[in-house]
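Working notes, structure below.
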Amino acid sequence: MRPILLIPFALFIFSACSKTNDPDPKSGSNNDSAAVDTSTTTSDYKQSMRNFVIGISRYAKAAHSGFIVVPQNGIELVTKNGESSGTPDTAYLNAIDANGQEDLYYGYDNDDVATPTSTVNYLNPLLKISKNAGNTILVTDYCSTHSKMTDSYTKNNAQGYISFAADSRGLDDIPAFPSPIYAENSTAVSSIGQVKNFLYLIDPASGFSSKTAFINAVKATNYDLLITDLYFNNSAFTAAELAALKKKANGGTRLVISYMSIGEAEDYRYYWQSGWTSTKPAWLDAENPEWKGNYKVKYWYSAWQKIIYGNDSSYTKKILDAGFDGVYLDIIDAFEYYEK
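Once you know that position 263 of the sequence shown is 263 in UniProt numbering, the rest is easy, because the numbers rise by one and skip nothing.
Structure follows, in structure tokens:
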């Protein structure tokens, strides 16, 4: 999730080597579960993040061929040099099923404030590269004024994007507006390409008194896709609970995918070790001043990647075992921190 920051739009030009002869990760035919990038150094932060996402995709799709992989933000990764005029990076584009983008029309500088036109014009051509490659675009705008929420849905729909107007930056509630939800339908959704709307709610414990209350609230909606966390407080969702979450109120079914941050470590996650605050592992970096308890990570380190995927104790394996339909990868734009 992107905090409100004023990020300069300097374009960092790097030459990235795309593995264009790799098997298509979407087919699930590559059973290599080893991390793609096992080095402890990198000279190309964008390519290292591409490699990380591709590795997660290969591992997850080998276990479940229909598993959905969605990186959020960091849209520059869709081309080899990070520019909209660059050559599309087909290995990366083939490894993912959608791109998530925050703040496209509202929320970039402040919530409920229109994103500057220059920012919109910078992001849209990059998003279109992914869309033209067959990927779904999922936009989250942060706005609470009803007219602005309507405007967000209208503008995103005009671009062919699927959007969610979040009235809380904390992503801890189900907006009461609009009612009915935008593009409501009773489809039995089984693929990301069928999704017409979505609910992004990754901190249910802050907005709901119990896991049961959260499940019942979601069951009363008709969203095509739910993006939520693997855990409610520290309790992972069970197969039965996920089955309940996948049912729409009108009889249709929805996809449910799990949030997972790969560009920061979070001190409230199961993998966190108390000793890390005094003796940091080599891959653990500075705490994010905007989000207490979140720490930057040198994401190209194999030790961090092994926490995320590639083995039975990894985060991705827990998501697969729980029965989620996919994974929503956050802090993809961590490369910006290291390029500065």
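Beta carbons: idealized from backbone N, C-alpha and C, even for Gly. Here the structure is a predicted model, which is why all the values come from computation and not from measurement.
Helix, strand or coil at N51 according to DSSP, with G and I counted as helix: helix
Reference R269; option with closest CA among K318, P71, A63, K61: The alpha carbon of R269 has as its nearest neighbour, out of K318, P71, A63, K61, the alpha carbon of K318.
Rounded C-alpha distance that separates G207 from A188: 27 Å
Where D123 falls: helix, strand or coil (DSSP): Note that residue 123 is Leu in the sequence shown, not Asp. L123 falls in the helix class under three-state DSSP.
Neighbourhood of F164 by C-beta distance below 6 Å, restricted to the same chain and skipping five residues each side: T140, F198, Y200
Backbone CA spacing between S57 and K306 [nearest angstrom]: 14 Å
Residue from A60, K46, D44 with nearest C-alpha to G310: A60
N-terminal and C-terminal residue of the beta strand (DSSP E) that A165 is part of: Where A165 is concerned, the enclosing beta strand (DSSP E) stretches over 162 to 166.
Same chain, Cβ closer than 7 Å to L123, five either side skipped, listed in chain order: I75, Q101, L104
Of the listed residues C143, L255, L138, nearest to G160 (C-alpha basis): Of the candidates C143, L255, L138, the one whose C-alpha sits nearest the C-alpha of G160 is L138.
Test: L126 CB closer than 8 Å to a CB of chain B: You won't find chain B in this structure, because it holds only one protein chain.
Nearest-angstrom Cα separation, counted from N156 out to residue 368: With the chain running from 1 to 340 in the structure shown, residue 368 is simply not present.
Range covered by the alpha helix (DSSP H) that runs through V256: Premise fails: V256 lies in the beta strand (DSSP E), 255 to 261, not in any alpha helix (DSSP H).
Backbone CA spacing between E287 and Y295 [nearest angstrom]: Spanning the alpha carbons of E287 and Y295 requires a straight line of approximately 4 Å.
Candidates A243, L320, A265, D151: closest to T115 by CA position: D151
Whole-angstrom C-beta distance between G252 and I332, which should lie under 8 Å: About 30 Å; that fails the 8 Å criterion.
F232, DSSP secondary structure in three states: strand
Three-state secondary structure assigned by DSSP to G275: helix
Minimum C-alpha distance to Y142 - residue among F67, N110, V195: Considering only alpha carbons, the answer is N110.
Contact set for N21: own chain, Cβ-Cβ below 8 Å, skip 5 residues either direction: Here N21 scores only 33 on pLDDT, less than 50, and its place in the model is too uncertain to base an answer on.
Rounded distance between the beta-carbons of T79 and T90, thought under 8 Å: No, T90 and T79 are not in contact; Cβ-Cβ is about 10 Å, not under 8 Å.
Element boundaries [alpha helix (DSSP H), containing Q101]: Not the alpha helix (DSSP H): Q101 falls in the beta strand (DSSP E), residues 98 to 102.
Test item: CB-CB of T40 and A282 under 8 Å: yes
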